[in-house]
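J.: Mind looking over this structure? Questions follow.
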Amino acid sequence: MKTQQPITSEEEHRVHKFRTRTLAHPPGRRADQGEQGQHENAGHNANDLSSYERDRNEPDDFRHRMLANIAAFAFTVALTAIGIWLAASISELRKTQDCVLMGRRDCAHISTPRI
C-alpha cells in the first residue's frame, strides 16, 4: 500500500521568533529610555511575592479563613451532588430509551397514589 506524501514547498515552512513577555522595556518606548529603566529595575524580580506576605505582627483572621473553607466545602459538596443526580437521571433516561427502542410497551414508570 502506498503512502501519499503532501507536496510542500520551502515557502510554506517558516520559523517565527516569538518575543517573551518579560521584556526589559515595552515595545512603545525608545531604546535610550529602555536602557535606563533596565538599570533601575535590575534588582526587581517579576516573580517576587513579598508584596503579598503578611506582617508577622498582624493577627491571623481565623474566622474569615474558616468561613472561606466552609463555603468552599459546601460548593464542592453541591457540585458532587449535582453530578451524581445528573448521572443517575441520564442513566434512567437511557434505560427508558433502550426499552422504547426495543419495541416494548411498558417502559415508562407510572407512579400511582396510594389510597
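Start counting the sequence shown at 0; every next residue gets the next number (numbering that gives the first Met the number 0).
Beta carbons are placed, not taken as given, at the ideal position from N, Cα and C, and that holds for glycine.
Remember, it's a predicted structure, so these values are computed and weren't measured experimentally.
#1: Exposed or buried, leucine 100, counting other C-beta atoms within 10 Å across all chains shown (16 or more means buried)?
#2: For isoleucine 109 and arginine 93, what's the separation of their Cα atoms in angstroms?
#3: With a cut-off of 8 Å on the beta carbons, I'd call threonine 95 and alanine 87 a contact; round off their distance for me.
#4: Note the first and the last residue of the continuous alpha helix (DSSP H) segment covering glycine 82.
T.: Short version:
#1: Locating residue 100 in the sequence shown gives position 101, counting from the first residue. By the neighbour-count criterion, in which a residue is buried when 16 or more other Cβ atoms sit within 10 angstroms of its Cβ, leucine 100 is exposed.
#2: Residue mapping note: residue 109 aligns to position 110 of the sequence shown, counting from 1. Residue mapping note: residue 93 aligns to position 94 of the sequence shown, counting from 1. Roughly 17 Å between the two C-alpha positions.
#3: Locating residue 95 in the sequence shown gives position 96, where the first residue counts as 1. Locating residue 87 in the sequence shown gives position 88, where the first residue counts as 1. Their Cβ separation, rounded to whole angstroms, is 13 Å, which puts threonine 95 and alanine 87 out of contact at 8 Å.
#4: Working through the sequence shown from its first residue, we reach residue 82 at position 83. Per DSSP, the unbroken alpha helix (DSSP H) holding glycine 82 starts and ends at 61 to 100.
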